[in-house]
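Peer 1:
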Amino acid sequence: MTLTLERPVTAAARTGTDIHIEGLEKTYAGAQASVIPNLTAHLRAGEFTVILGPSGCGKSTLLNMLAGLEAVGAGRIRFGAREVQALAPRDRGCAMVFQNYALYPHMTVARNMDYSLRIAKVPRAEREARVAEVARMLELSALLDRRPSQLSGGQRQRVAIGRAIIREPQVLLFDEPLSNLDARLRNETRMELAQLHRRIGATSVFVTHDQVEAMTLADRVMILNKGRIEQFAPPSDIYAAPASTFVAGFLGSPPMNLLAVESRNGRMALPDGSTIGCRRDGMFQLGIRPEHIRLGTGAEMRVQFREELGSHSVIALTTSDGGRLRVTAPPGGVGDALRVSFPQDALHLFDAETGLAVRELLIRT
Ligand SMILES: Nc1ncnc2c1ncn2[C@@H]1O[C@H](COP(=O)(O)OP(=O)(O)OP(=O)(O)O)[C@@H](O)[C@H]1O
Ligand SMILES: [Mg+2]
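Following our numbering, the numbering of the sequence shown begins with 3 at its first residue and continues without gaps.
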């Protein structure tokens with residue numbers, strides 16, 4: 003599907019608005035601990051932020067506080083210069099798209115989309131113009147007279163997105179909007195969303211636990227762990243330099259290998275048989291991505307199992323101390339053992355206790 007709209011919906015939407023989150027806290031009634039202990043972040047105007055994290059880490063809670071569907075415990079949220087944390091959802095100038103697109107079953111697509119405009123008493127001619135414009139953008143023009151039951155899942159989700167953007171919000175919030183779609187539609191809708199964002203330019207916050215969505219959609223990814231930001235950076239930075247073992251193990255498919263290593267007298271012995279200098283002695287987690295491991299030289303390791311994925315295969319190896327190492331390799335068979343070596347510039351290092359990246363301790367030669 004291609005988007006055919008020639009101009010952004012409005013000038014206001016085009017600029018989006020900065021979102022400032024300051025000292026945000028949330029504890030649900032009856033709970034022992036905070037879901038969000040103390041979160042501060044600045045989302046730039048027009049930026050597409052993806053919030054990524056495991057189930058239960060507080061993604062929806064954070065989004066709902068931005069939308070006004072959940073009260074904040076403490077802290078402030080500003081959209082531009084406006085403090086919004088005490089405002090009702092409808093007064094915040096944001097719109098939200100949910101996983102379960104709750105469309106009105108008895109209304110046509112057109113009525114579903116212009117519902118909020120009718121509530122806001124927008125004149126009919128303008129309503130019709132906006133419906134036509136948004137429908138064109140989302141390729142729904144031919145479906146305007148249908149009811150939701152006569153649409154596919156992907157079409158319904160597009161109507162839900164249309165309903166959200168028709169109000170020309172400055173802030174667009176998405177809570178796993180693609181997770182009910184099948185793989186093909188998910189891919190398509192993801193690409194459409196990326197283009198749509200570029201057209202309308204609203205500041206967008208998109209919650210997911212799908213790392214492909216995060217990598218492909220985001221200007222910056224906010225990785226949440228137990229309501230705390232582990233890293234908030236462009237996807238390529240997060241891939242190249244994860245700030246912690248949590249991030250390293252969360253992003254990448256298969257994720258980064260993490261191996262316990264010890265540095266003694268300034269040197270660290272690595273599982274591939276090589277050594278590398280280290281500025282501090284003690285225990286560390288060594289990180290290396292499966293796709294960065296070199297095959298054919300280095301220590302020999304036993305093949306545990308192999309997953310054939312068509313374009314490449316993922317091979318699990320057993321290290322000399324019984325650990326597991328995943329490598330990616332060209333498709334095709336392998337023997338019982340493989341030689342592997344670790345290029346020094348592909349190595350990551352994390353403090354064994356805090357899990358934080360300490361790559362500056364490595365002395366590469
Ligand atoms: N209304 C509520 N009352 C009490 N606890 C809640 C409520 N809503 C969420 N929680 C709890 O707060 C934590 C965070 O929930 P939240 O829905 O924000 O997670 P999430 O990151 O969106 O997870 P998922 O990926 O599964 O959607 C969870 O432990 C959840 O059980
Ligand atoms: Mg959620």
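Ideal Cβ positions, reconstructed from N, Cα and C, are used throughout, including at glycine.
My assumption, with CB atoms under 8 Å, is that Val316 sits in contact with Thr299. Please give the rounded CB distance.
Peer 2: No, Val316 and Thr299 are not in contact; Cβ-Cβ is about 20 Å, not under 8 Å.
Peer 1: Taking 8 Å as the line, does the beta carbon of Tyr30 fall inside it for any heavy atom of ligand 1?
Peer 2: Yes; taking the cut-off as 8 Å, the Cβ of Tyr30 has a heavy atom of ligand 1 nearer than that.
Peer 1: Just confirm the distance between the C-beta atoms of Glu232 and Phe208, as a whole number of angstroms; I'd bet it's less than 8 Å.
Peer 2: That pair is no contact at about 18 Å.
Peer 1: Ordered along the chain, which non-local residues of its own chain (more than five positions away) have a Cβ less than 6 Å from that of Val99?
Peer 2: Counting only Cβ-Cβ distances below 6 Å, and skipping sequence neighbours, we find Ala162, Ile163, Ala166, Phe176 and Pro179.
Peer 1: Would you report the Cα separation of Pro292 and Val124, rounded to the nearest angstrom?
Peer 2: One C-alpha to the other measures close to 56 Å.
Peer 1: Kindly list the residues whose CB is nearer than 6 Å to the CB of Val360, restricted to its own chain and excluding five residues on each side of it in sequence; keep chain order.
Peer 2: Taken in chain order, the residues that qualify are Leu351 and Asp353.
Peer 1: Does the pairing of the stretch 186 to 206 with the stretch 225 to 240 give three or more beta-carbon distances under 8 Å?
Peer 2: Counting Cβ pairs under 8 Å, fewer than three are found: no touch.
Peer 1: How far does the alpha helix (DSSP H) with Arg169 in it reach, from first residue to last?
Peer 2: No alpha helix (DSSP H) contains Arg169, which DSSP labels as neither H nor E.
Peer 1: Would you mind working out which of Tyr241, Met270, Pro256 and Pro56 sits nearest Glu310, comparing C-alpha positions?
Peer 2: Ranking Tyr241, Met270, Pro256 and Pro56 by Cα distance to Glu310 puts Pro256 first.
Peer 1: State the DSSP-derived secondary structure class of His22, mapped to helix, strand or coil.
Peer 2: Correct three-state label for His22: strand.
Peer 1: In the stretch 184 to 241, which residue ranges form an unbroken alpha helix (DSSP H) of at least 4 residues, counting only runs that do not cross its ends?
Peer 2: Those alpha helix (DSSP H) runs which fall completely within the stretch 184 to 241 and span 4+ residues are 185 to 202 and 213 to 219.
Peer 1: First and last residue of the beta strand (DSSP E) that includes Asn40?
Peer 2: Unbroken beta strand (DSSP E) run through Asn40: Ile38 to Leu45.
Peer 1: Rounded C-beta distance between Val52 and Leu187? I'm assuming under 8 Å.
Peer 2: The pair is not a contact, with the Cβ atoms about 19 Å apart (cut-off 8 Å).
Peer 1: Please look up how many angstroms separate the CB atoms of Cys96 and Pro171, rounded, as I've assumed it's under 8 Å.
Peer 2: Right, the Cβ-Cβ distance comes to about 5 Å (below 8 Å), so this counts as a contact.
Peer 1: Would you call the CB atoms of Glu194 and Leu153 closer than 9 Å?
Peer 2: Not a contact, by the Cβ cut-off of 9 Å.
Peer 1: Is it right to say Val223 is buried, meaning 16 or more other beta carbons lie within 10 angstroms of its own, or is it exposed?
Peer 2: Buried, since its Cβ has 16 or more Cβ neighbours within 10 Å.
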